[in-house]
Structure formats: structure tokens, C-alpha cells
Amino acid sequence: MSSEAPDLNRRRFLTGAATVVGGVGLVFTAVPFLSYLRPSARALAAGAPVELDISKLEVGRRIEVEWRGRPVWVIGRSQEQIDALEDVRDRLRDPDSEVDQQPEYARNPARSVKPDVAVLVGVCTHLGCAPGFHPEIRPQHFDQDWRGGFFCACHGSMFDMAGRVYRGVPAPTNLVVPPHRYVGDDYLVVGEDPTDEGGTA
Ligand code: FES
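Here it is in C-alpha cells:
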């Protein structure tokens, strides 16, 4: 495990010399071949940004990384899934993200910098369970008019593909969107804003 400072890691990242590291302590879901540059354990504990190569992120797939001790999901959304965000609007508790659960630049229907990429903290806002990922637009046992999203089996909370919570479920708020920015088309930094050096909104 590297003990390098995060600024050195970032410099390597920006110059394209990214290091591919094994998944100790981090979990990849569905896209196991993606690479990322992982800060040291000490830097992670201090809240260091996590940098990922998302050039191979596939539509409808999710990868998971750890940031500040919490799982963060990065999800490729299809146009159909983006369109479905409007379909469920009337069923949502906070469709316009009025509660501060996201940075200002993610206060939009997709709750993200790029509509086709969702970045969400994977922790239910009820009591902290990990919601299940159900991206398919088809009837589910918990909802016959399901338009894709997340279902928390602990107490039945539902969230759409932007992490917006449905009305009438125990979870009180939308899922958290962490700070995130892009470096070019292929790299995502979780834990930094687009206004930080080198980022693109
Ligand atoms: S922890 Fe998710 S519904 Fe209760």
C-alpha cells in the first residue's frame, strides 16, 4: 500500500501515469475491469479524493468505491433511464432536490454533472442500510410500475435512478450526491468540486 501524499497521486493522475491497484478495501460491482488510482489508507481516512478511470463504464452498470468510509456508486445511465426520471416525478418526495443532499451543481433532475453518469453515496437515508440496485425498467415485486432505481429491503424505501426518494416510504430524504468533478472525458474525481483545479463541469 502506498504512503504517498494525495497531491503526488493527483499529479501522476493528471499526467496520465495512473496506477492500477488491486481492490483491497474497495469493491467493484459489475464492471470489475475498471482501473482507479487509490490514495493511501491515511489519506482516505482524512477524506482524500478518490480518482477513477470511467472510460469503460457501461450503461446500466455500477461501480463502487469508498470515500470517507462510505460506499460511493458510479452508475452509467441510459437515455431511457434518464427519460424515466421525469416519469416518476409525481411519486417523489423531493423531485427538485430542495433538501441539501447534493452540491449546488447537482441540483438538477439527474442530480449530477453529466446526465449519463450518476454519482451517489450508497447509504439509505432512513437507517443506513445499503439499497439494492434495480436499474431495469419493468415491474418489480416491490413496485409494479418500476422505472429503475434503488430499493432498500430493510424497510421498503425506494429511490429513482437519480437517488430521489419516493413518497410514502420511511427514508426522509434523497440519497446524498458527493462532490465530484471530471478531468477530461475519462476520469472522475469523487470528493472534489468542478471548480477545483483541472476539473470540468
Ligand atoms: S434503512 Fe433503508 S428503508 Fe430503512
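If you read the sequence shown in my numbering, its first letter stands for residue 230, the second for the next number, and so on. The beta carbon of each residue, even a glycine, is placed where N, CA and C say it ideally should be.
**Item:** Proximity to Arg322 [Cα-Cα], best of Cys358, Gly392 and Gly351
**Value:** Out of Cys358, Gly392 and Gly351, the CA that lies nearest to the CA of Arg322 is found in Gly392.
**Message:** Are there any heavy atoms of ligand 1 lying less than 7 Å away from the beta-carbon of His363, as far as the coordinates show?
**Reply:** no
**Item:** Supposed close pair Arg320, Arg396 - CB separation, criterion 8 Å
**Value:** Contact holds; Cβ gap of about 6 Å.
**Request:** Identify, in the order they occur along the chain, each residue of the same chain with its Cβ nearer than 7 Å to the Cβ of Arg376, setting aside the five sequence neighbours on each side.
**Result:** Ala313, Asp316, Val317, Ile366 and Asp389
**Request:** For Thr424, collect the residues of the same chain with a Cβ closer than 7 Å to its Cβ; drop the 5 residues on either side in sequence, then sort them by chain order.
**Result:** The answer is none, since no qualifying residue turns up.
**Request:** Compute the distance between the beta-carbons of Cys381 and His355, then report whether it is under 8 Å.
**Result:** yes
**Asked** Around ligand 1, what residues have a beta-carbon under 7 Å from a heavy atom of it, in chain order?
**Response** Cys353, His355, Leu356, Gly357, Cys358, Pro360, Cys381, Cys383, His384, Gly385, Ser386, Val398, Pro399 and Ala400
**Prompt:** Sorted by chain position, which residues of the same chain lie with C-beta nearer than 6 Å to Ala400's C-beta, five sequence neighbours on each side aside?
**Reply:** Correct list, in chain order: Cys353, Thr354, His355, Ser386 and Val394.
**Asked** Does the beta-carbon distance from Val348 to Pro300 come in below 8 Å?
**Response** no
**Asked** Can you tell which of Gly289, Ile292 and Pro360 has the C-alpha that lies nearest to the C-alpha of Asn403?
**Response** Shortest Cα-Cα distance from Asn403 to any of Gly289, Ile292 and Pro360 involves Pro360.
**Message:** Within 10 Å of its beta-carbon, does Gln310 have 16 or more other beta-carbons around it, so buried, or fewer, so exposed?
**Reply:** Burial call: buried.
**Request:** Would you check if the distance between the CB atom of Glu287 and the CB atom of Gly305 is smaller than 8 Å?
**Result:** Yes.
**Asked** CA-CA distance, Ala277 and Cys358?
**Response** 24 Å
**Request:** Kindly list the residues whose CB is nearer than 7 Å to the CB of Val398, restricted to its own chain and excluding five residues on each side of it in sequence; keep chain order.
**Result:** So the qualifying residues of the chain are Gly385, Ser386 and Met387.
**Prompt:** What's the gap between the Cα of Lys285 and the Cα of Tyr416?
**Reply:** 10 Å
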